[in-house]
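Since the structure comes first, as structure tokens, the remarks are kept for the end.
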Amino acid sequence: MIAIVDCNNFYASCERVFNPKLEGRPVVVLSNNDGCIIARSNEAKALGIEMAMPAFQIEPFLQKHHVAVFSSNYVLYGDLSERVMNTLATLVKEIEIYSIDEAFIDLSGYREDLTELGFRIRRKIKQWTGIPVSVGIAPSKTLAKVANKIAKKSGGVHLLADPESIRQALEKLPVKDIWGIGGQYSKFLKSYGILTALDLTRAKDAWIQKHMTLVGLRLVKELRGESCIELDTEPAPKKAIGTARSFGQMLSDFETIAEALANYAATCARKLRQQQSCANMLTVFLETHPFKEDLPQYFNSKVITLPVATNYTPEIVHYAKQGLKAIFKKGYQYKKTGVIVSGLVPEDQVQRNFFDEADRGKQRALMKVMDAINDTMGKDRVRLLAQGYDRKWKLRQERLTPCYTSRWEELLTIDVDKK
DNA sequence: TCTGGGGTCCTAGGACCC
DNA sequence: TCTGGGGTCCTAGGACCC
Numbered sequence: 000m001i002a003i004v005d006c007n008n009f010y011a012s013c014e015r016v017f018n019p020k021l022e023g024r025p026v027v028v029l030s031n032n033d034g035c036i037i038a039r040s041n042e043a044k045a046l047g048i049e050m051a052m053p054a055f056q057i058e059p060f061l062q063k064h065h066v067a068v069f070s071s072n073y074v075l076y077g078d079l080s081e082r083v084m085n086t087l088a089t090l091v092k093e094i095e096i097y098s099i100d101e102a103f104i105d106l107s108g109y110r111e112d113l114t115e116l117g118f119r120i121r122r123k124i125k126q127w128t129g130i131p132v133s134v135g136i137a138p139s140k141t142l143a144k145v146a147n148k149i150a151k152k153s154g155g156v157h158l159l160a161d162p163e164s165i166r167q168a169l170e171k172l173p174v175k176d177i178w179g180i181g182g183q184y185s186k187f188l189k190s191y192g193i194l195t196a197l198d199l200t201r202a203k204d205a206w207i208q209k210h211m212t213l214v215g216l217r218l219v220k221e222l223r224g225e226s227c228i229e230l231d232t233e234p235a236p237k238k239a240i241g242t243a244r245s246f247g248q249m250l251s252d253f254e255t256i257a258e259a260l261a262n263y264a265a266t267c268a269r270k271l272r273q274q275q276s277c278a279n280m281l282t283v284f285l286e287t288h289p290f291k292e293d294l295p296q297y298f299n300s301k302v303i304t305l306p307v308a309t310n311y312t313p314e315i316v317h318y319a320k321q322g323l324k325a326i327f328k329k330g331y332q333y334k335k336t337g338v339i340v341s342g343l344v345p346e347d348q349v350q351r352n353f354f355d356e357a358d359r360g361k362q363r364a365l366m367k368v369m370d371a372i373n374d375t376m377g378k379d380r381v382r383l384l385a386q387g388y389d390r391k392w393k394l395r396q397e398r399l400t401p402c403y404t405s406r407w408e409e410l411l412t413i414d415v416d417k418k
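For the first sequence, numbering that gives the first Met the number 0 begins at 0 and goes up steadily by one.
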């Protein structure tokens, strides 16, 4: 048996942990740049606020219903996620951290009542971290996801084990709500009269594979109770790493965009070093604002093959800027730029060439010192001049809460009532 | 009339997830 | 005024090999 532990309305719950007044109130969290709604408390869902709605369009509605609105604070959410996962690790052995707010766990070999175990997990995580979670338990990952959906609406834990209860659950589940079925497939299936998960389990294997590839076939087998997607407790290193942001305002001059890009490139280089990889390739892209249809639109990208795989910040920044030069055109209002590094190899398996004159050992030593300083004294304490200081391109984050758990200056303070 | 058979590697595009 | 960001996997088709 497999379980999935999923934090309820994770980002909204994180905001509540340090602000209990929000309990019972509708809460939403916005995407970067305060753009779209990306998390909603149950109260906010009940008001009919949908996922991914642009915040500016429903601003009056949010005010009218006294919805608490927050900019996203990924430092806080990342830290609380780690606490949740660490707490879970005290209760079970095999854990796959699937996303910032979800983990699969392997329950084979557990003798105790699984529903009871689910409730123990729920209680302990709530007590230790303040985050409410739901637990779905079933014979496959896909069915565990189904069970979790039911758990969210019932008591927080749901077990799907016997064939009849599985059948009943699948009968009520529209295909679009199955893990792995998105908009395209649900439209396609509907055109064939396949409306529920139960309908889908009755389709022929060959037909499914023909129209939905091997991925689809695996999914259907999982719905039938045959576990096909293994627990992945040690995720492989990433194959590509990207950093991109929309600007807080439109930008048209090369220098400011290059400064923003240098920061994204530096972030990519840092992430490469964190997973001990070097990149052979670098892609830069630049785009205008797709929603401003009256303005001239432009999108372009440039792929650069690096002479030798690297994770050295100055080198990544240098080639990123070179890529930007190749695609930048005057006269447009730009909204977003980004860097993707790919062709990743382990940093101790880099293929050199005869013409490479860089002192790679020295570069690595320098990055080690820089990272050590920035880890202890604050992000970007030491940085390249190219990363700049003005930050004209910075994100809009008008309703940002403190990093309660990761910055000394921002610890929660409590006013004691003096009598 | 009549032109083989068995592979590998790479990439773009399409689907999906959170 | 105002619309996010970061990933994965699979397949078909092209280029190449012997």
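Glycine included, C-beta positions come from ideal geometry on N, C-alpha and C.
Going by DSSP, what residues sit across from C35 in a beta bridge?
Answer is P53.
Neighbour-count burial assignment, A239, 16 or more Cβ in a 10 Å radius:
An exposed status is given to A239, since fewer than 16 other beta-carbon atoms sit within 10 Å of its beta-carbon.
Straight-line Cα distance separating Y263 from K324
Spanning the two alpha carbons is a distance of roughly 16 Å.
What does DSSP give as the partner residues of H288 in its beta bridges?
According to DSSP, H288 bridges with nothing at all.
Based on DSSP bridge pairs, tell me the residues matched to V4.
In DSSP, V4 forms a bridge with A102 and V134.
Using the Cα positions of I125 and R15, report the straight-line distance between them to the nearest angstrom.
It should be noted that the sequence gives Lys, not Ile, for residue 125. Roughly 12 Å between the two C-alpha positions.
Nearest by alpha-carbon distance to V134: which of N373, M0 and I36 is it?
Residue nearest to V134 within the set N373, M0 and I36 is M0 (criterion: CA-CA distance).
At the level of alpha carbons, what is the spacing between E101 and G322?
So the two alpha carbons sit approximately 37 Å from each other.
Pop quiz: K334 and H288 are said to be a contact at Cβ under 8 Å. What is the actual Cβ separation, rounded to whole angstroms?
About 4 Å separates the two Cβ atoms, so the contact holds.
DSSP bridge partner residues for F298 (one or two, in chain order):
DSSP, once it has assigned bridges, lists E286 as partnering F298.
Can you give me the C-alpha to C-alpha distance between N8 and T400, rounded to a whole angstrom?
N8 and T400: Cα-Cα distance of roughly 17 Å.
Given 8 Å, three or more beta-carbon pairs between the region 184-197 and the region 33-52
Flag = no, the region 184-197 and the region 33-52 do not touch.
Please report how far the alpha carbon of S80 lies from the alpha carbon of Q183, in whole angstroms.
When rounded, the distance between both Cα atoms is 31 Å.
Return the first residue and the last residue of the alpha helix (DSSP H) that A67 is part of.
Where A67 is concerned, there is no enclosing alpha helix (DSSP H), although the beta strand (DSSP E) it sits in stretches over A67 to F69.
Mind checking R122: buried by the 16 CB within 10 Å criterion, or exposed?
With fewer than 16 Cβ atoms within 10 Å of its Cβ, R122 is classed as exposed.
Can you tell me which of the three DSSP states S107 falls into?
The answer is coil: DSSP assigns S107 none of H, G, I, E or B.
If we call anything under 7 Å between Cβ atoms a contact, is Q362 one with Y311?
It is a contact, given that the beta carbons lie within the stated cut-off.
Just to confirm, are V4 and V132 a CB contact at a threshold of 7 Å?
Contact check for V4 against V132 passes: the beta carbons are separated by less than 7 Å.
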